[in-house]
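Structure record follows, encoded as structure tokens.
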Amino acid sequence: MADQEFDMDELFVMDELEERIENAVTTAAEEVVNDLLEDRLEEAVFDAVQQALPEILGECLAGFEFQLKDGTIVRPRQQTRVLSPDKAKLLLCYGGLRVDGKCLMIQTRLTCWEMIADYHDREAAIAALERVRLAMEAGAKLVEL
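Start counting at 1 in the sequence shown, then tack on 2, and there's your number in the working numbering.
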């Protein structure tokens, strides 16, 4: 093997370039992680407030009602909690119920639906929906499926 000559200036430039690349990658990774953490924190706080607010307002407005000019009486409505058949989920029903195939879906927030139970057929899911609907209309605080 022949002796190789090293250009010290070239090695210095390569070291400097490597350091710049490492710094750029580290900075970019830190920014991405910070943005992701910030987004998740905002979502978590928003979800917590959104879930707690109806319950807090419900307690504050309990018994509060008023009548509109056209005679309509406005009352706060009790939100019903629904316990799944396997007792693994307890969901606060925002007001919406639907059957999706063989599954009973509960509206847990304004734009969020969650499956509470998967039944053996569509008719059983519809029967469960009807049971929850009747309990909600009766003002039940809890429905166990």
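Note that the Cβ used here is the ideal one computed from N, Cα and C, for glycine as well.
Hey, how far is the Cα of L106 from the Cα of K91? 13 angstroms
Among W115, Q81, M117 and A119, nearest to M138 - alpha-carbon criterion: Q81
By how many angstroms is the C-alpha of H122 removed from the C-alpha of A130? 12 angstroms
Whole beta strand (DSSP E) runs in the stretch 82-109 with 3 or more residues, listed along the chain? Whole beta strand (DSSP E) segments, 3+ residues: 83-85, 92-94 and 99-102.
Cα-Cα separation, L70 to A140: 24 angstroms
K143 to W115 span [Cα, whole Å]: 19 angstroms
Would you list the one or two residues that DSSP bridges to E1? Residue 1 is absent from the model: the chain starts at 3 and stops at 147.
Would DSSP call L144 helix, strand or coil? Here L144 sits in strand by DSSP.
Cβ-Cβ separation, S86 to A119 (assumed contact under 8 angstroms), whole Å: 5 angstroms
Residue range of the alpha helix (DSSP H) that includes E125: R124 to E139
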